[in-house]
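Trainee: Protein chains in written order, with this note's numbering: chain A, 5 to 208; chain B, 68 to 287; chain C, 25 to 299. By construction, the Cβ of each residue, glycine as well, lies at the ideal position given by its N, Cα and C atoms. Got a structure for you, questions after.
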Amino acid sequence: MSWTRSKEITSAIFAVFFLVSIGGYYTDIPLIASINTELANWVQIMLNIALGTGFIALFLYHRRKITRKTKGYPFSFIIFAAIAVMFVAMYSGPEVRGWLYGEVFTAMTTSVICFALFYEVSGAYRAFRIRNFDALLLMVSGFIMIINFAPLYQSVFPAFGAIPAWILGVPSMGASRGILIGVAIGTIAIAIRILLGYEKAYTG
Amino acid sequence: MDILTSIIIALLTLMAWSMLYRENVFYNLVESLIIGFGMGYLLYIMITTLGKILFTPLMEGQWLLIIPTIAGVLLFTAFIEKYRFLSRWGVAAIAGSGLGFAVSRAIPVQILGQAKMFYLDFSTAGIIDIANWLIISITAITTIVYFTFTKEHKGILGNMSKIGRWSMMVAFGATFGSTIGGDLTYVIERCIFLSRPPQVYLLIPAAIVILYDAMRRRKK
Amino acid sequence: MNDMTMKVLNQYYRQIIFIAVLIGCFLPAFIPLGFPISATPLTVKAYNYIEELEPGDLVLVSVDYGPNAWAEIGPGMNAIVQHLFLRKVNIVFVSFVTDGPPMTEKLLAEIDLAGAKYGIDYVILGYIPGDEVGMASFAENPLKLTVDYYGNNIDQLDVMKKVKAIGDFKLYIPAHITGPEAWIRQFSGKIQVIIMTISPAALALVQPWVDSGQLYSMLPGTKGGGEYEVLLRKPGIATSIMDATSLTLTLVMALIIIGNIVYRQETSRAAKGGV
């Protein structure tokens, strides 16, 4: 069964799926279109099954933590209990589901995401220093955009609405356009490299 | 929202925010609940979606779907060192299809759709339109030049790439400012919630607990 | 700035910043400041388009964010979807991320449905797996999923009987926290108008799409939501949040300036050979 390990098989699978989806878009051949639809369906099924890999990884990690009684292992029991509670709640009807997911889980997640701002501001205090022209551009542009989100300044000086709009609509947009085009070219380049076997990330 | 729900959510919020003071068992509890609830939901959505797109069509006679089912199950061999190579088939299929759909549409939508904006009808454009168009075109082209690594950035190429870098600094600064403005909403939303009764009454005991702990640790 | 202040700032800057930001956020929550919010042209453009929709027009909404983005995008989506229900259009809710369906239910629980009935006026199709592959699949055939999120057969739902192809939708409103590339790649040119609700962090990256017309308009998070609520004349959570941002953002700018002053003083003292 050594053929199952061969890189040619995985490269061939990649090539078939890649070329069929390209062909499905650029050609009007009904056979390719129907194969493309079927293969897309297969990928959706595989990706959905792949969601379970996260659960397996979590399970294995916390099972090891419990068996070895590593620091903080009691929280692993809480994680498993929470998994069971949410799983059952999702089948329990809209009210229970809405309460646990929509109210409690959402509020907890929002509370933890709040740390992003605190650490961004403390990071900006330490790192956002004008050492050169690049940093000056970064800071001036950043300040103008911060003002854009504060209604106070726009109500006092209407120009504080027009300046951020110009920054977003002209110099920043030009750079973003360049980045978008560059990313698209880069995506095509990556695909060609994988097809030709230079990139081994997906095919081994 | 009823009073009990408000109190529970307020307690969980304050327990999460206690991390700002220092890592503690309350924060770890909230963190564990978030991980557990998130994973529990993921299991639910995986099973219900598989029911719709796999089990039901299989029962209706679409036996070809056995192939992606096997490939999907083989993805789990990634956890077993000896059989990890089997998971590459599913990964290759997913990557191939995903890249194919992205690349096929990237050319007309992303590249051509954006490149056509380099054209300007000078007969109808005013001075300001032309000035803005010039700045946009220069910043866009110099940004693309910045990312070309086939030649060393010297001379004209070096200057163009420098302008591209400056343009990106403006864009990244705008992104940073917007990010701060956006992330602020999370904190403000929680603060607005906590400022309302009955949960507002929990703020004082929370502050007392933190002050007591700070003084106790200082004495130590 | 004297030595003592510099020493305190350097040693306890994180704690000072955390407390300052918390005070800056709590103060307007207790004492609303009431600064007027004016709608930007893009928000007005989105509002005007929806205002011209006729009752019974088909609109596709994809709720592609999770609870970790709700505070940023949720208020904006609440406002725009509220407008859709007030216009009595037919809405098909779909999600291309796993967390979408419960966030859709949360959204619908927080707004006034204006008498809309499930199945007749709106439907939740649920999660469509596959990320961009799922989007492409849905764009090719929106009737591919034969049951909705609750397991009902879609051919028994009045709204879905009107859908024959993706082009039947007059408007598509995706909501996502990052850039819109995948959505625009798969739906641009297939649905007439796309108005996206995005995180403000993606604001700079979205501009080229708006400029090229591939995105009709966009709502940047809660800011866009606040502006939309002003246009709808229904102030809600977005307006309350925007009201509080001015003080805290001023504080953030002040902290960055103080950081630079401290840096300059440290540099000049180091240059002079001081402590």
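In whole angstroms, what is the alpha-carbon distance linking I215/C and N95/B?
Mentor: Residue mapping note: residue 215/C aligns to position 191 of the third sequence, counting from 1. Residue mapping note: residue 95/B aligns to position 28 of the second sequence, counting from 1. Rounded to whole angstroms, I215/C to N95/B spans 46 angstroms at the Cα level.
Trainee: Starting from T68/B, trace the alpha helix (DSSP H) both ways and give me its first and last residue.
Mentor: As a position in the second sequence, residue 68/B is number 1, starting the count at 1. Before going further, note that residue 68/B is Met rather than Thr in the sequence given. M68/B -> no alpha helix (DSSP H), and no H or E assigned at all.
Trainee: Within the 8 angstroms Cβ cut-off, does L227/C reach chain B?
Mentor: For the purposes of this step, residue 227/C is identified with residue 203 of the third sequence, where counting begins at 1. Yes - at least one Cβ of chain B is within 8 angstroms of the one on L227/C.
Trainee: Measuring only the C-alpha atoms, how far is A111/A from L179/B?
Mentor: On the first sequence, residue 111/A is found 107 positions in, with the first residue counted as 1. On the second sequence, residue 179/B is found 112 positions in, with the first residue counted as 1. Looking at the two C-alpha atoms, the distance is approximately 43 angstroms.
Trainee: In this structure, does DSSP put V299/C in helix, strand or coil?
Mentor: Start at 1 with the first residue of the third sequence, and residue 299/C comes out as number 275. Its pLDDT being 47, under 50, V299/C is placed unreliably by the model, and the measurement read from it follows with that caveat. In this structure, V299/C counts as coil in the three-state DSSP scheme.
Trainee: What does the Cβ neighbour count give for M28/C, buried or exposed, with the cut at 16 atoms within 10 Å?
Mentor: Numbered from 1 along the third sequence, position 4 holds the residue referred to as residue 28/C. Exposed, by the Cβ-count rule.
Trainee: Alpha carbon to alpha carbon, how far is A54/A from F122/A?
Mentor: Position 50 of the first sequence, counted from the start, is the residue given in the question as residue 54/A. Position 118 of the first sequence, counted from the start, is the residue given in the question as residue 122/A. Spanning the two alpha carbons is a distance of roughly 34 angstroms.
Trainee: If contacts are defined as beta-carbon pairs under 8 angstroms, then A228/C and S180/A qualify, I think. What distance do you get, rounded to the angstrom?
Mentor: Taking the third sequence and counting its residues from 1, one reaches residue 228/C at position 204. Taking the first sequence and counting its residues from 1, one reaches residue 180/A at position 176. Rounded, the Cβ-Cβ distance is 5 angstroms, consistent with contact.
Trainee: Let me know if K247/C comes out buried or exposed under the rule of 16 or more other beta-carbons within 10 Å of its beta-carbon.
Mentor: Taking the third sequence and counting its residues from 1, the one referred to as residue 247/C is at position 223. Flag for K247/C reads buried.
Trainee: For a cutoff of 8 angstroms on Cβ pairs, would you count G245/C as touching chain B?
Mentor: Translated into positions along the third sequence, residue 245/C becomes position 221. With 8 angstroms as the cut-off, G245/C counts as an interface residue toward chain B.
Trainee: What is the rounded straight-line gap between the Cα of L279/C and the Cα of D192/C?
Mentor: Taking the third sequence and counting its residues from 1, one reaches residue 279/C at position 255. Taking the third sequence and counting its residues from 1, one reaches residue 192/C at position 168. Taking the straight line from one Cα to the other gives about 51 angstroms.
Trainee: One question on the structure: do R245/B and P224/C come within less than 8 angstroms of each other, judged by their Cβ atoms?
Mentor: As a position in the second sequence, residue 245/B is number 178, starting the count at 1. As a position in the third sequence, residue 224/C is number 200, starting the count at 1. Here the sequence assigns Ser to residue 245/B, which means Arg is not the residue at that position. Yes, they are a contact pair.
Trainee: Classify F120/C as helix, strand or coil using the three-state DSSP reduction.
Mentor: Here residue 120/C refers to the residue found at position 96 when the third sequence is read from its first residue. If DSSP states are grouped into helix, strand and coil, F120/C belongs with coil.
Trainee: Specify whether the segment 202-219 of chain C and the segment 158-172 of chain A touch according to this definition: at least 3 beta carbon pairs, one from each stretch, less than 8 angstroms apart.
Mentor: In the pairwise beta carbon analysis, the segment 202-219 of chain C is classified as not touching the segment 158-172 of chain A: fewer than three pairs are separated by under 8 angstroms.
Trainee: What separation, rounded to the nearest whole angstrom, lies between the Cα atoms of H190/A and T242/B?
Mentor: Walking along the first sequence from the start, residue 190/A turns up at place 186. Walking along the second sequence from the start, residue 242/B turns up at place 175. Position check: residue 190/A holds Gly in this sequence, whereas His was assumed. So the two alpha carbons sit approximately 22 angstroms from each other.
Trainee: Any beta carbon from chain A within less than 8 angstroms of I195/B's own beta carbon?
Mentor: For the purposes of this step, residue 195/B is taken as residue 128 along the second sequence, with counting starting at 1. Closer than 8 angstroms: no.
Trainee: Tell me A199/C's beta-bridge partners as DSSP assigns them.
Mentor: Walking along the third sequence from the start, residue 199/C turns up at place 175. According to DSSP, A199/C bridges with V87/C and T221/C.
Trainee: Starting from Y111/B and walking both ways along the alpha helix (DSSP H), at which residues does that stretch end?
Mentor: To locate residue 111/B, count along the second sequence from 1; it is residue 44. Run containing Y111/B: V92 to L117, per the alpha helix (DSSP H) assignment.
Trainee: Just to make sure I have the definition right: I need the residues of chain C whose C-beta is within less than 7 angstroms of the C-beta of M57/A. Which are they?
Mentor: Here residue 57/A refers to the residue found at position 53 when the first sequence is read from its first residue. Residue 57/A is actually Thr in this sequence, not Met. Within chain C, no residue comes near T57/A; the closest Cβ sits about 13 angstroms away, beyond 7 angstroms.
Trainee: Run the CB neighbour count on V299/C, radius 10 Å, all protein chains shown included, and call it buried at 16 or more, exposed below.
Mentor: Numbered from its first residue, the third sequence carries residue 299/C at position 275. No answer about V299/C holds up, because its pLDDT of 47 lies below 50 and its placement is not dependable.
Trainee: For R172/B, decide whether its Cβ has a neighbour in chain A, counting only Cβ atoms nearer than 8 angstroms.
Mentor: Translated into positions along the second sequence, residue 172/B becomes position 105. For R172/B, the answer is yes, since a Cβ of chain A falls inside 8 angstroms of its Cβ.
Trainee: Is V299/C close to chain B, meaning its C-beta is less than 8 angstroms from at least one C-beta of that chain?
Mentor: Position 275 of the third sequence, counted from the first residue, corresponds to residue 299/C. Only weak support is given to the placement of V299/C: the predicted model assigns it a pLDDT of 47, under 50, and the value that follows is read from those uncertain coordinates. For V299/C, the answer is no, since every Cβ of chain B falls outside 8 angstroms of its Cβ.
Trainee: What residues from the segment 115-127 of chain B come within 9 angstroms of chain A, judged by C-beta to C-beta, listed N to C?
Mentor: T115, T116, L117, I120, L121 and P124
Trainee: L87/B touches chain C at which residues, Cβ-Cβ below 7 angstroms?
Mentor: As a position in the second sequence, residue 87/B is number 20, starting the count at 1. Contact note: L87/B reaches chain C through F42, using a C-beta cutoff of 7 angstroms and chain order.
Trainee: Could you tell me if A206/C is buried or exposed, where buried requires 16 or more neighbouring beta carbons within 10 angstroms of its beta carbon?
Mentor: Taking the third sequence and counting its residues from 1, the one referred to as residue 206/C is at position 182. So A206/C counts as buried.
Trainee: Reducing DSSP to helix, strand and coil, say where I215/C ends up.
Mentor: Here residue 215/C is taken as the residue at index 191 of the third sequence, counted from 1. Of the three classes helix, strand and coil, the one that applies to I215/C here is strand, per DSSP.
Trainee: How do the segment 80-94 of chain B and the segment 198-211 of chain B stand: do at least 3 beta-carbon pairs fall below 8 angstroms, yes or no?
Mentor: no
Trainee: Rounded to whole angstroms, what is the Cα-Cα separation between L201/B and G193/B?
Mentor: Translated into the one-based positions of the second sequence, residue 201/B becomes position 134. Translated into the one-based positions of the second sequence, residue 193/B becomes position 126. Approximately 12 angstroms, taken between the alpha carbons.
Trainee: For a contact defined as C-beta to C-beta under 9 angstroms, what are the partners of D145/C on chain A?
Mentor: Along the third sequence, one-based indexing puts residue 145/C at 121. In chain order: nothing, as chain A lies at least about 18 angstroms away.
Trainee: Go through its chain and collect everything with a Cβ distance to L79/B's Cβ below 7 angstroms, but skip five positions before and after it.
Mentor: The residue you call residue 79/B lines up with position 12 of the second sequence. Taken in chain order, the residues that qualify are V97.
Trainee: Return helix, strand or coil for G150/C, following the three-state DSSP convention.
Mentor: Along the third sequence, one-based indexing puts residue 150/C at 126. Residue state, collapsed to three classes: strand.
Trainee: Along chain C, in chain order, which residues have C-beta atoms closer than 8 angstroms to that of S262/B?
Mentor: Translated into the one-based positions of the second sequence, residue 262/B becomes position 195. What S262/B touches in chain C: F50, A53 and F54.
Trainee: List the residues of chain B that E205/C touches, going by C-beta distances under 7 angstroms, in chain order.
Mentor: Position 181 of the third sequence holds residue 205/C. Going along chain B in sequence order, the residues near E205/C (Cβ under 7 angstroms) are Q177.
Trainee: Does any CB atom of chain C fall closer than 8 angstroms to the CB of G102/A?
Mentor: Position 98 of the first sequence, counting from 1, holds the residue named residue 102/A. Cβ-Cβ to chain C under 8 angstroms: yes for G102/A.
Trainee: Looking at the C-beta of Y129/A, does it have a partner C-beta in chain B at a distance below 8 angstroms?
Mentor: One-based indexing of the first sequence puts residue 129/A at position 125. Residue contact check for Y129/A against chain B: no CB pair falls below 8 angstroms.
Trainee: My parser needs the alpha helix (DSSP H) runs of 4 or more residues fully inside the segment 227-286 of chain B; what are they?
Mentor: 270-286
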